[in-house]
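Here the structure comes first, spelled out in structure tokens, and everything after it is commentary.
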Amino acid sequence: MKLLGIDYGRKRIGIAVTDPTGAVIRGLPTIEHLAAARAEDKLVKIIEEHAPDKLIFGLPLGPDDEETTMSQEVRAAASRIADRTGITVRFVDESFSSRDAELLLRTKKKKHRRNKASVDRIAACLILQSYQRDFPGDVSPHSS
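Position one of the sequence shown corresponds to residue 1 (the numbering used here), numbered consecutively onward.
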């Protein structure tokens with residue numbers, strides 16, 4: 001099953017995709033979020049190009065798993081994208097994906113230069129990895 005992971009933020013949208021078997025995850029170019037409608041148009045175009053079976057949005061929940069202003073924005077954007085593409089949307093808690101992505105970048109580079117687009121792209125990869133770990137029966141090549 002091919003999945004597309006989305007780290008939806010107010011400034012950028014990080015994107016990652018699996019291969020059709022779900023075994024390989026790779027980051028895609030980050031969308032700069034200048035205006036919501038234009039950013040979502042770009043996201044829909046990428047979704048159409050990659051034709052995933054499901055869209056996995058990271059959901060930034062609060063410390064007690066409560067909804068936040070940003071998680072509500074993500075849910076609204078996911079609903080609009082689902083309406084436009086007809087593709088099933090799932091959510092995974094992404095509370096620490098950006099922090100974990102920054103830590104990964106720091107360990108890979110001697111001189112840590114914060115590259116925000118890379119952080120968002122890696123966060124999207126981590127969102128997919130979390131989904132695959134948390135819902136293994138939902139990501140097999142034969143499930144849809």
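The C-beta atom is built at its ideal place from N, Cα and C for all residues, glycine as well. Predicted model, so just to flag it, every value in this text is computed and none were measured.
Item, Value
"State the start and end residues of the unbroken beta strand (DSSP E) segment that holds D65.", "Looking at the DSSP string, D65 is not in any beta strand (DSSP E), and its letter there is neither H nor E."
"Beta-carbon within less than 6 Å of I87's beta-carbon, same chain only, minus the 5 sequence neighbours each way: which residues are those?", "L55"
"With DSSP as the reference, label K54 as helix, strand or coil.", "strand"
"With DSSP collapsed to three states, give me the class of G22.", "coil"
"Considering only their Cβ atoms, is the gap separating R10 from I31 smaller than 8 Å?", "no"
"Tell me where the alpha helix (DSSP H) around D145 begins and ends.", "Any question about residue 145 goes unanswered here, given that the chain covers just 1 to 144."
"Among R75, P29 and I127, which one has its Cα closest to the Cα of H50?", "P29"
"Comparing C-alpha positions only, which one of T21, A16, A39 and L34 sits nearest to D138?", "T21"
"Would the beta-carbon of I15 fall within 8 Å of that of Q129?", "no"
"Please report the Cβ distance between L3 and P60, rounded to the nearest whole angstrom; I am assuming they are in contact, meaning their Cβ atoms lie under 8 Å.", "With a Cβ gap of about 19 Å, L3 and P60 do not count as contacting."
"So for P29, helix, strand or coil by DSSP?", "strand"
"Would you decide whether D19 is buried or exposed? Buried here means 16 or more other CB atoms lie within 10 Å of its CB.", "exposed"
"With respect to the beta strand (DSSP E) encompassing D7, which residues constitute its N-terminal and C-terminal limits?", "L3 to Y8"
"For L128, which beta-bridge partners are listed by DSSP?", "DSSP output for L128 lists no bridge partner at all."
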